[in-house]
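Report on one structure; see the data block that follows.
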Amino acid sequence: TAAAPLVEVNGIEVIYNHVILVLKGVSLSVPQGRIVALLGGNGAGKTTTLRAISNLLKGERGEVTKGGITLEGQRIENLSPAELVKRGVVQVMEGRHCFAHLTIEENLLTGSYTRSDRGEIAANLEKVYNYFPRLKTRRTSQAAYTSGGEQQMCAIGRALMSNPRMVLLDEPSMGLAPQIVDEVFHIVKDLNTKEGTTFLLAEQNTNMALKYADYGYIMESGRIVMDGEAQSLANNEDVKEFYLGVG
Ligand code: ATP
Numbered sequence: 012t013a014a015a016p017l018v019e020v021n022g023i024e025v026i027y028n029h030v031i032l033v034l035k036g037v038s039l040s041v042p043q044g045r046i047v048a049l050l051g052g053n054g055a056g057k058t059t060t061l062r063a064i065s066n067l068l069k070g071e072r073g074e075v076t077k078g079g080i081t082l083e084g085q086r087i088e089n090l091s092p093a094e095l096v097k098r099g100v101v102q103v104m105e106g107r108h109c110f111a112h113l114t115i116e117e118n119l120l121t122g123s124y125t126r127s128d129r130g131e132i133a134a135n136l137e138k139v140y141n142y143f144p145r146l147k148t149r150r151t152s153q154a155a156y157t158s159g160g161e162q163q164m165c166a167i168g169r170a171l172m173s174n175p176r177m178v179l180l181d182e183p184s185m186g187l188a189p190q191i192v193d194e195v196f197h198i199v200k201d202l203n204t205k206e207g208t209t210f211l212l213a214e215q216n217t218n219m220a221l222k223y224a225d226y227g228y229i230m231e232s233g234r235i236v237m238d239g240e241a242q243s244l245a246n247n248e249d250v251k252e253f254y255l256g257v258g
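Residue numbers for the sequence shown follow full-length UniProt numbering, so the first one is 12 and each next one is one higher.
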C-alpha cells in the first residue's frame, strides 16, 4: 500500500479576512492513484482544505499562513489555479457550477481551455461521454434543464476535459438522491481504476464516501481528528457513533 504521495499537505494554517483562523495545522497525504475522502460535518474545514490545495483561497480573502503543500515534492502554494490545472490538479467546486444557459456539451468544452489540439479535445469529449453516457444523451440540452445528478456529472466531466491527474471533488453528493450519489461515485471509482485518476473528495456523506474511498481523514473544527483505511474507519465504533448515518 506504499503508493508515492502525489499531494502532501503539511501542517497548514488558513486564515480568512486576516483574522479568522479556520485551519489549525492540517496535514494529509494523497497517494498517487488513490481515492482519499476528507470527512466531517458542516464547517469542519473540508472546503477550505481543498481551496488551499487548488489555490482558490485568494478569491475568498483567505491565505495559508503556516505550513506548506507539495505536488510530487514541489511546493505549489504560489502557483495560480490555472498553472495547477496545467500540472494536472483541478477542483470541482461545491454546488456544481454549470453554466445554466450553455448546453451540456458547451459546458464540457469550457473545461478544455488549457488545450488547443482539436483532435485531442474531441477524443477527450468522447472519453467523458464514455464514462458518463447520461451526458451524451443530454449533450444538446441546456444545463438549466437537466437534473441535479446530470449537473454534477457535467461539473466532473468538465474537470476531466483538462485530462487531470488529480481531481478535488467538493461534496459531490450534495442535494442528490442516494441512488444518483451511488451512480456518481461508481463513475468516480471507474475513472480511478481505469484511468488512474487520483481523487480527494470532501464529503459529509460518510457512509457513501467510505464505501468508495481507499483512505479517509476526519476533520473537526479545523483539525484532522482521525484517519485510516476506509474499511477500518467504516468499522470503527467512534466513527459509527458520530459520523455514520450523517449526511
Ligand atoms: P461545508 O460542508 O459547509 O462546506 P466545510 O467542512 O467545507 O463545510 P469550510 O467551508 O471549509 O467547511 O468552512 C470552515 C470554516 O471557515 C467555517 O466556520 C466557515 O464559516 C469559515 N469560512 C469559510 N469560508 C469563509 C470565508 N470566505 N470567509 C470567512 N470564513 C469562512
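All C-beta atoms, glycine included, are put in the ideal place defined by N, C-alpha and C.
Bear in mind the structure is a predicted one, so any value in this text is a computation, not a measurement.
Proximity to H29 across T76, Q163, N216 peaks at T76, based on C-alpha coordinates. With contacts defined by Cβ atoms closer than 8 Å, L187 and G160 form a contacting pair. In this structure, K35 has its CB at a distance of at least 7 Å from all heavy atoms of ligand 1. For the 8 Å CB-CB criterion, I26 and E74 form a contact. Contact check for S184 and N141: beta-carbon distance about 23 Å, past the 8 Å limit, so the pair fails to qualify.
The beta-carbon separation of H112 and A166, rounded to 15 Å, does not stay under the 8 Å limit for a contact.
The segment 65–73 and the segment 232–246 do not touch, with fewer than three beta-carbon pairs separated by less than 8 Å. A213 places its beta carbon less than 8 Å from that of D181.
Close CB contacts of I229 within its chain, under the 6 Å cut and outside five residues either way in sequence, are with L50, G51, V236, M237 (chain order). Note that the segment 168–178 touches the segment 120–139; at least 3 beta-carbon pairs, one per stretch, sit closer than 8 Å. Membership of Y140 in the alpha helix (DSSP H) is indicated by the continuous run 129–142. Under the DSSP assignment, A213 falls in the beta strand (DSSP E) whose first and last residues are 209–214.
Here L61 is actually not in contact with L255; their C-beta atoms are around 22 Å apart, not less than 8 Å. Residue state for G160 is assigned as helix, using DSSP reduced to three classes. Of the candidates V195, K205, E248, V195 places its Cα closest to the Cα of Y223.
The straight-line gap separating the alpha-carbon atoms of A55 and G79 is approximately 20 Å.
Proximity to L179 across E116, G44, V33 peaks at G44, based on C-alpha coordinates. Secondary structure note for E206: its alpha helix (DSSP H) is the uninterrupted segment 189–206. For T217, the uninterrupted alpha helix (DSSP H) run begins and ends at 217–223, by DSSP.
With respect to the C-alpha of N66, the residue from G84, M104, A48, P42 having the closest C-alpha is M104. For the pair V20 and L39, the CB atoms are nearer than the 8 Å cut-off.
Under the three-state reduction of DSSP, E105 is assigned to coil, being neither helix nor strand. Close CB contacts of F143 within its chain, under the 6 Å cut and outside five residues either way in sequence, are with M164, G168 (chain order). Taking non-hydrogen atoms of ligand 1 into account, the C-beta of G54 is found less than 7 Å away from one of them. Ranked by Cα distance from L202, the first of A133, K35, E117, K138 is K138.
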